[in-house]
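Take any residue in the sequence shown, note its place counting from 1, add 133, and you have its number in my numbering. Have a look at the structure below before the remarks.
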Amino acid sequence: MKDEHEDIELKEVLEQSFATGHGVVTLSASMTDEQILTLIKSACTWSKGKAFQVIPSQPKACSASPQRLS
């Protein structure tokens, strides 16, 4: 029962954060278009018209050495 209570509090904190204009959504490179759309739509609902920040996924670092042009 404690976990359910913690989940509710976390949801309330998240919604309050968005409603006060401090919401942040972080995208993952593995997310599908549908997942991104669902997340952004939810953030729009939570924000109640306030701005929120969307952090794009970080590109994977290339392990290959840069090539020199001669």
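C-beta: ideal position from N, C-alpha, C; glycine also.
* Give the DSSP bridge partners of Ile188, in chain order. => By 1-based counting over the sequence shown, the position of residue 188 is 55. According to DSSP, Ile188 bridges with Thr159.
* Exposed or buried, which one is Gly182 when buried takes at least 16 other CB atoms within 10 Å? -> Residue 182 sits at position 49 when you count from the first residue of the sequence shown. By the 10 Å Cβ count, Gly182 comes out exposed.
* Asked: Of all the options Pro189, Ser190, Ala176, which has the alpha carbon lying nearest to the alpha carbon of His155?
  -> Position 22 of the sequence shown, counted from the first residue, corresponds to residue 155. The option with the nearest alpha carbon to His155 is Ala176.
* So, helix, strand or coil for Thr171, using DSSP? -> Position 38 of the sequence shown holds residue 171. DSSP places Thr171 in helix when its eight states are reduced to three.
* Asked: If we ignore side chains and look at the alpha-carbon of each, how far apart do Ala162 and Gln191 end up?
  -> The residue you call residue 162 lines up with position 29 of the sequence shown. The residue you call residue 191 lines up with position 58 of the sequence shown. Distance between the alpha carbons of Ala162 and Gln191 is about 7 Å.
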